[in-house]
Each structure stands twice: as C-alpha cells, then as structure tokens.
Ligand code: SAM
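Structure below.
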C-alpha cells in the first residue's frame, strides 16, 4: 500500500467512528444534537461497540469539563485528528467557553467538515461572532474562537505554522486531545510532535484515547482488521500496554502521565449513568465487552503539575 492509499484508509476510519457515534447517540447512550449533521449512515452497531463508544465519549467529556473548570475557561483546546468530532458545539450549548478551540486533521477531512459547517445554520451560528467575520476556504475555517485547519500531523514545520495561524498562545493552559490518532503515525513522527508540544506549551494537558495490549490474540485480530482495510498502523509499538502509553509521554519531555484501560475508566463513571445505559441494550456477550475494554485506554499526561489533578 502506498502512503497516499494508506492515508485514504486512515481518513476512512473517521467515517466509521462518526457512524458509530451517531448510532449510540440515536439509541440514547449520550446526547449530541450535532452528530447527525456530519453523518448520514444509520447503520446499527453491536451493543458492545455502542457501550464502548459511550464509555470513551463520556469519560473524555468529563476530563474536558474538569480542565475547563480548573482553568476557569482561561484555556485552549486543540483536538488533533479531530475528524467530525462535535465537542466544540456541545460545549457552546452548555455555555462553557474557552479562549481558543482548534481542530487539526488531514485536508481531506477538514474540507468536508468545512462544507458541512458552511451549509448548516446550527453549526455555523456557533462558530460565528457578531464582531468577527468567519473566514472560510476549502480546507480551513477561522472563527473568533473556533478554528478548523487542514494539516498533516507528521509534518512538524507545517504544524508549527498552523499553530501560529490559529492564534494559539504558548503561555495559556492548553488541552490536547487525540482519539485513535497517534497509532496511525510512526513512533518517530509522533515522538517529535509530543516533544515539540512539551517544549512549547509549558502548561499543557494531553488526553490520548487509544488501543493497548495489542500483543495478545484479541489485539492481533484488532490490528489485522485495520490492516486489511489498508491502514498503516505505524505507531502501534506505543500501544503495547498502558505503561508504553505512559512512557511515550515521559520519554518526550512530559512531567507526568497516568493511563487506565477502559475497565478502570468504566469503574470511575457515575454509577447512575452506568445503571441507565446498561438498560438500553442487553449484552449476551459480557466476555466481548471485557475484551474491548481491556484493549483501549485513556492516557493523560501533563507538562504542568497542576493538571495532574484532572482525573476521573
Ligand atoms: N478523533 C476522531 C474521533 O475520535 O471521532 C477521529 C478518529 S479517526 C479513527 C482518526 C483521525 O485521525 C482521522 O480523522 C484521520 O484523518 C486523522 N489522522 C490520522 N493521521 C493523521 C495525520 N498524519 N495528520 C492529520 N490527521 C490525521
């Protein structure tokens, strides 16, 4: 597979993630009145997939909310490999404001997201501001707070230029978010990126959601599924365990890191939410859910010790 072909396959993983989110939202796992604007497919997914997306989505939202709370909104959020994520609009709905909200992805993804935003009043309104004209071109959108930018995360020179263009300030507390992204980037390139972020952003928190424990039979099946779709899993080495996930940050200039697999995350979710969602669909196969939950993890890492308190 050439690199363009594999980039196309990686881009397609966003469509898959978006349609899984749409399915779980339609069934009532969590609320998101924006996902429908980005996804047409109404395919029904397996109950354990829905529950997995629920755990991930709710846990990440809880961590983001905590970061906004402890920084009192005096912060920035940078979602790398954001795909069609709707976090920005959900935060606006809840009246949670930040100083800057930036999304990066391949131009092939941001151009489609730009188009959807442009043609959907509900999406466009939230990125518009009375005193600021939204600037839009094929791959990029610049609102006052929200910026969507096409960039290849493997090209650090380009990333640095886009960070400047997005008006990000190195001195502000900044939350970086990556959901199922770094595994598609070689260790050498992702390490460069993480090191660069740690050097520039002295008050950063990183939330990374990704696969772990790939060495066993179930892990091998997950990898071969993605490979058969044409994805180059150039970064899977860092997904061997929660410890290798922690180390990738500690070895690249981050002051501290924690990592929990999704069993650990599930145990920290609000009990009333767990009680509610376990009623939505019956799970015949508890074993399959257990396998899924032990093969994904949320890792948090910080350059500023104050953000080590942002925990579930
Ligand atoms: N984070 C989103 C979510 O959780 O719904 C999308 C996840 S999708 C599995 C992976 C995303 O990472 C895709 O949108 C893909 O285009 C993006 N991505 C992977 N490698 C990238 C790179 N080198 N530069 C920019 N984006 C990249």
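In full-length UniProt numbering, the protein residues as written are 7 to 318. Ideal placement from N, C-alpha and C gives every residue a C-beta, glycine not left out.
Residue from the options whose Cα sits closest to the Cα of residue i
| i | options | result |
| --- | --- | --- |
| residue 300 | 253, 129, 246, 263 | 246 |
| residue 220 | 178, 263, 294, 244 | 244 |
| residue 80 | 241, 145, 271, 210 | 210 |
| residue 19 | 102, 45, 315 | 45 |
| residue 277 | 47, 56, 64, 38 | 64 |
| residue 289 | 177, 51, 17 | 51 |
| residue 267 | 259, 248, 253, 281 | 248 |
| residue 188 | 217, 107, 223 | 217 |
| residue 284 | 250, 40, 57, 175 | 57 |
| residue 287 | 279, 54, 164 | 54 |
| residue 59 | 38, 76, 43 | 38 |
| residue 270 | 128, 314, 234, 318 | 318 |
| residue 252 | 141, 215, 26 | 215 |
| residue 262 | 235, 232, 316 | 316 |
| residue 190 | 138, 112, 282, 309 | 112 |
| residue 303 | 213, 109, 154, 257 | 213 |
| residue 185 | 205, 24, 78 | 24 |
| residue 298 | 95, 66, 158, 62 | 62 |
| residue 132 | 117, 115, 152, 143 | 152 |
heavy atom of the ligand SAM below 7 Å from residue i C-beta
| i | result |
| --- | --- |
| residue 157 | yes |
| residue 216 | no |
| residue 40 | no |
| residue 71 | no |
| residue 185 | yes |
| residue 169 | no |
| residue 91 | yes |
| residue 84 | no |
| residue 87 | yes |
| residue 55 | no |
| residue 134 | no |
| residue 108 | no |
| residue 44 | no |
| residue 190 | yes |
| residue 273 | no |
For residue i, the three-state DSSP class (helix, strand or coil)
| i | result |
| --- | --- |
| residue 73 | helix |
| residue 112 | coil |
| residue 23 | helix |
| residue 270 | helix |
| residue 154 | strand |
| residue 250 | helix |
| residue 170 | helix |
| residue 142 | strand |
| residue 48 | coil |
| residue 284 | helix |
| residue 92 | coil |
| residue 199 | helix |
| residue 180 | strand |
| residue 222 | coil |
| residue 210 | strand |
| residue 316 | coil |
Residue i - partner residues in DSSP beta bridges
| i | result |
| --- | --- |
| residue 301 | None, per the DSSP bridge assignment. |
| residue 217 | 302 |
| residue 265 | 305 |
| residue 40 | BP columns for residue 40 are empty, so no partner. |
| residue 185 | 215 |
| residue 106 | 82 |
| residue 148 | 141, 153 |
| residue 135 | 138 |
Cβ pair count under 8 Å reaching 3, the region 116-125 against the region 167-184
The way I'd put it, the region 116-125 doesn't touch the region 167-184; fewer than three beta-carbon pairs between them come closer than 8 Å.
For the region 25-42 and the region 226-245, state whether three or more C-beta atom pairs, one from each stretch, are separated by less than 8 Å.
no
Stretch-stretch touch, CB-based, cutoff 8 Å, three pairs: the region 186-202 with the region 141-156
no
For the region 84-96 and the region 173-186, state whether three or more C-beta atom pairs, one from each stretch, are separated by less than 8 Å.
Yes, the region 84-96 is in contact with the region 173-186.
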